[in-house]
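J.:
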Amino acid sequence: MPAPSKLFFLPGASGNTAFWQPLANLLTTPAKKVILPYPGFGQEPPAPDVNDIDDLVRKVVSHIDEPTALIAQSMGGVLAIRAALERPDLITHLVLTVTSGGIDTRALGAADWQSGFINANPSFPNWFTSFTADLTDELSRIAQPVLLLWGDADPISPLAVGQRLRELLPDARLHVVPGGNHDLAHEHASELAGLVDAHLSRTGAGDRS
Numbered sequence: 223m224p225a226p227s228k229l230f231f232l233p234g235a236s237g238n239t240a241f242w243q244p245l246a247n248l249l250t251t252p253a254k255k256v257i258l259p260y261p262g263f264g265q266e267p268p269a270p271d272v273n274d275i276d277d278l279v280r281k282v283v284s285h286i287d288e289p290t291a292l293i294a295q296s297m298g299g300v301l302a303i304r305a306a307l308e309r310p311d312l313i314t315h316l317v318l319t320v321t322s323g324g325i326d327t328r329a330l331g332a333a334d335w336q337s338g339f340i341n342a343n344p345s346f347p348n349w350f351t352s353f354t355a356d357l358t359d360e361l362s363r364i365a366q367p368v369l370l371l372w373g374d375a376d377p378i379s380p381l382a383v384g385q386r387l388r389e390l391l392p393d394a395r396l397h398v399v400p401g402g403n404h405d406l407a408h409e410h411a412s413e414l415a416g417l418v419d420a421h422l423s424r425t426g427a428g429d430r431s
């Protein structure tokens, strides 16, 4: 895989673009940085052409026009996986933090967070949090190097989810932050930035630097 010329940050279900700012500011990889707002989430106005997760995936893919690394939080990881499956020619690396990755997290001990999140954010589209398609069988097609970032104190995406994704993805490494919760990429940005930079410098499965 070539080096990325763009780093594309995908927020979680809150659509909070500020979540990624600390890590984005610390990365030294020489690539432009783009944090994608989701139409209809937070302060972002709705878009008439984004009405379900398929539309949002198309929006993500429409921004991928050069070698791009996807850095995704939680539900954003589902978008990253699907985009990588659609554009394997341009996606160079994946960094997935505390995501479901499109697998059944309940079976791995994940807490039910969707209903509480929807009740707390009634103006948000609920099709993002209700996404249930199983991508397990497709994960073997992800050829890009994947860095999995997890905490061991996250009830929403327990460590068992990260361990299962490491098993399913052909070229994945898992880093665990002791005491890390669901906001670990934001709260532990200074600890994780060097790991992400090192990962983005990898050129393929044979590169173990």
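Here the sequence shown is numbered in the numbering used here, starting from 223 and rising by one per residue. For glycine and all other residues, C-beta sits at the position ideal for the given N, C-alpha and C. Fair warning: this is a prediction, and the values are worked out from it, not measured in the lab.
1. Under 7 Å Cβ to Cβ from Leu330, same chain only, skipping five residues before and after it: list those, please.
2. Cα-Cα, which of His397, Leu357 and Arg363 is closest to Gly373?
3. Are the beta-carbon atoms of His285 and Val320 separated by less than 8 Å?
4. Just to confirm the assignment, what range does the alpha helix (DSSP H) spanning Val300 have?
5. Quickly, what does DSSP pair Ile275 with across the bridge? List them, please.
6. In terms of residues, what are the limits of the beta strand (DSSP E) holding Leu361?
7. Do Pro289 and Thr251 have their C-beta atoms closer together than 8 Å?
8. Let me check understanding here. Comparing Cα to Cα, which of Ser322, Ala225 and Ala269 lies closest to Asp356?
9. What are the start and end residues of the alpha helix (DSSP H) that includes Gly373?
10. At the level of alpha carbons, what is the spacing between Ser423 and Asp287?
11. Whose C-alpha, out of Val368, Glu360, Gly416 and Arg363, is nearest the C-alpha of Asp393?
12. Quick one: using the 10 Å Cβ neighbour count with 16 as the cut-off for buried, is Asp326 buried or exposed?
13. Check Phe241 in the structure and name its three-state DSSP category.
14. Apply the 10 Å Cβ neighbour rule to Pro267 and answer buried if 16 or more other Cβ atoms are within range, or exposed otherwise.
15. Looking at the secondary structure, which residues open and close the alpha helix (DSSP H) in which Gln295 lies?
16. Mind checking Ala302: buried by the 16 CB within 10 Å criterion, or exposed?
17. Classify Arg174: buried if its beta carbon has 16 or more other beta carbons within 10 angstroms, exposed otherwise.
18. Can you tell me which of Gly299, Gln265 and Tyr260 puts its alpha carbon nearest to the alpha carbon of Lys281?
T.: Working from what's here:
1. Excluding positions up to five away in sequence, the list reads Pro380, Ala382, Val383 and Arg386.
2. His397
3. no
4. That run of the alpha helix (DSSP H) goes Gly298 to Glu308.
5. According to DSSP, Ile275 bridges with nothing at all.
6. Leu361 -> no beta strand (DSSP E), and no H or E assigned at all.
7. When the beta-carbon positions are compared, Pro289 and Thr251 stay at least 8 Å from each other.
8. Ser322
9. From DSSP, Gly373 is part of no alpha helix (DSSP H) but of the beta strand (DSSP E) over Val368 to Gly373.
10. 20 Å
11. Val368
12. By the neighbour-count criterion, in which a residue is buried when 16 or more other Cβ atoms sit within 10 angstroms of its Cβ, Asp326 is exposed.
13. helix
14. exposed
15. For Gln295, no alpha helix (DSSP H) segment is defined; the enclosing uninterrupted segment is the beta strand (DSSP E) at Thr290 to Gln295.
16. buried
17. Any answer about residue 174 is impossible in this case: the structure gives the chain only from 223 up to 431.
18. Tyr260
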